[in-house]
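Q:
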Ligand SMILES: Nc1nc2c(ncn2[C@@H]2O[C@H](COP(=O)(O)O)[C@@H](O)[C@H]2O)c(=O)[nH]1
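Numbering (the numbering used here), first residue to last: 7 to 267.
What follows is the structure, encoded as structure tokens:
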């Protein structure tokens with residue numbers, strides 16, 4: 007099985023080293039194309055209109071001065087053009103990626119682009135307490151359970167048009183209660199907000215802390231309250247097919263151009 011690895015914390019990030027350990031248990035055909043610098047929060051952005059440089063750091067390890075989505079495109083259509091990857095793993099992210107926050111996640115975008123390129127795409131994030139900062143993160147659960155979790159997803163049959171978002175809990179590996187397939191937490195309002203900096207007229211975009219109550223069936227609750235590894239199957243097809251079917255794809259139309267009749 008050919009595996010392409012990427013992330014959004016950057017090619018030198020500790021989480022990518024964890025991911026390489028996981029991938030090398032699964033296969034000996036492992037390649038890395040990862041951003042040269044931190045791209046956290048870039049979502050599925052591509053670097054259109056600017057030259058990007060691909061730098062071969064070591065055998066089968068490349069750094070790209072672009073986004074995670076750029077990296078997966080570079081991996082699938084350039085570095086591995088002779089034989090595209092069967093599996094794209096993105097992460098292991100420094101911090102959880104849950105709920106509607108997923109829309110800004112570069113880690114999720116790496117997996118999503120992998121699925122769009124025809125591979126199985128899996129994003130993996132290691133939960134941490136964001137209030138105490140990135141230096142306190144422990145990778146134990148991702149290290150201990152990463153291989154088993156990816157293998158469990160690879161065993162799923164019929165997961166078409168789908169990519170996966172995996173989060174490892176902050177507990178010890180021994181405390182992990184299981185691998186749970188869950189829905190992502192929808193918020194009543196966007197978790198993103200602008201807040202003023204100390205400099206007049208300047209602001210920051212920030213992520214609001216998680217509104218309560220949490221849906222007991224969703225990723226936030228099951229990861230943090232039940233110490234489970236969460237796996238969320240996400241569709242590439244973003245159309246509300248139920249609504250489309252309900253209205254038979256037709257909207258009222260009287261045929262009169264504006265100003266006529
Ligand atoms: N303060 C919080 N920050 C969060 C939370 N969930 C995610 N994040 C941040 O967003 C990025 C987006 O993901 P990435 O895959 O692009 O890195 C993530 O790394 C965190 O920095 C949260 O619940 N609270």
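Virtual Cβ for every residue (Gly too), placed ideally from N, Cα, C. This structure is a prediction, so every number in the text was calculated from the model and none was measured.
(1) Can you find a heavy atom of ligand 1 that lies under 7 Å from the Cβ of residue 136?
(2) I want to check one thing, is the minimum distance from the CB of residue 103 to the heavy atoms of ligand 1 below 7 Å?
(3) Using 10 angstroms around the beta-carbon of residue 129, count the other beta-carbons present and answer buried if the total reaches 16, otherwise exposed.
(4) So the candidates are 30, 10, 68, 14; which of them puts its Cα closest to the Cα of residue 43?
(5) On the criterion of 16 or more Cβ atoms from any shown chain inside 10 Å, does residue 217 qualify as buried, or is it exposed?
(6) Is residue 10 helix, strand or coil by DSSP?
(7) With 16 as the cutoff for other CB atoms within 10 Å, does residue 127 come out buried or exposed?
(8) Can residue 99 be considered in contact with ligand 1, in the sense that its beta carbon sits closer than 7 Å to one or more heavy atoms?
(9) For residue 22 and residue 252, I'd like the C-alpha separation in whole angstroms.
(10) Could you give the DSSP three-state label for residue 131: helix, strand or coil?
(11) What are the residues that DSSP puts in a beta bridge with residue 186?
(12) Are three or more beta carbon pairs between the region 101–120 and the region 66–78 nearer than 8 Å?
(13) Among 202, 222, 172, 170, whose alpha-carbon lies nearest the alpha-carbon of residue 192?
A: Reading it off the structure:
(1) On the chain shown, residue 136 is found 130 positions in, with the first residue counted as 1. Remark: the shortest separation between the CB of residue 136 and any heavy atom of ligand 1 falls under 7 Å.
(2) In the chain shown, counting from the first residue as 1, residue 103 sits at position 97. Flag set: Cβ of residue 103 near ligand 1.
(3) In the chain shown, counting from the first residue as 1, residue 129 sits at position 123. Looking at its Cβ environment, which holds 16 or more other Cβ atoms inside 10 Å, residue 129 is buried.
(4) Taking the first residue of the chain shown as 1, we reach residue 43 at position 37. The residue with the shortest Cα to Cα distance from residue 43 is 14.
(5) Within the chain shown, residue 217 is the residue found at index 211, counting from 1. Residue 217 counts as exposed, since fewer than 16 other beta carbons sit within 10 angstroms of its beta carbon.
(6) By 1-based counting over the chain shown, the position of residue 10 is 4. Strand, per DSSP.
(7) On the chain shown, position 121 is the one that residue 127 refers to. Residue 127 should be labelled buried.
(8) Position 93 of the chain shown, counting from 1, holds the residue named residue 99. Residue 99 has its CB nearer than 7 Å to a heavy atom of ligand 1.
(9) Taking the first residue of the chain shown as 1, we reach residue 22 at position 16. Taking the first residue of the chain shown as 1, we reach residue 252 at position 246. Whole-angstrom Cα-Cα distance: 45 Å.
(10) Translated into positions along the chain shown, residue 131 becomes position 125. Residue state, collapsed to three classes: strand.
(11) Within the chain shown, numbered from 1, the residue matching residue 186 stands at position 180. Bridge partners of residue 186: 236.
(12) Taking 8 Å as the limit for Cβ pairs, the verdict is that the region 66–78 does touch the region 101–120.
(13) In the chain shown, counting from the first residue as 1, residue 192 sits at position 186. Sorting 202, 222, 172, 170 by C-alpha distance to the C-alpha of residue 192 places 222 at the top.
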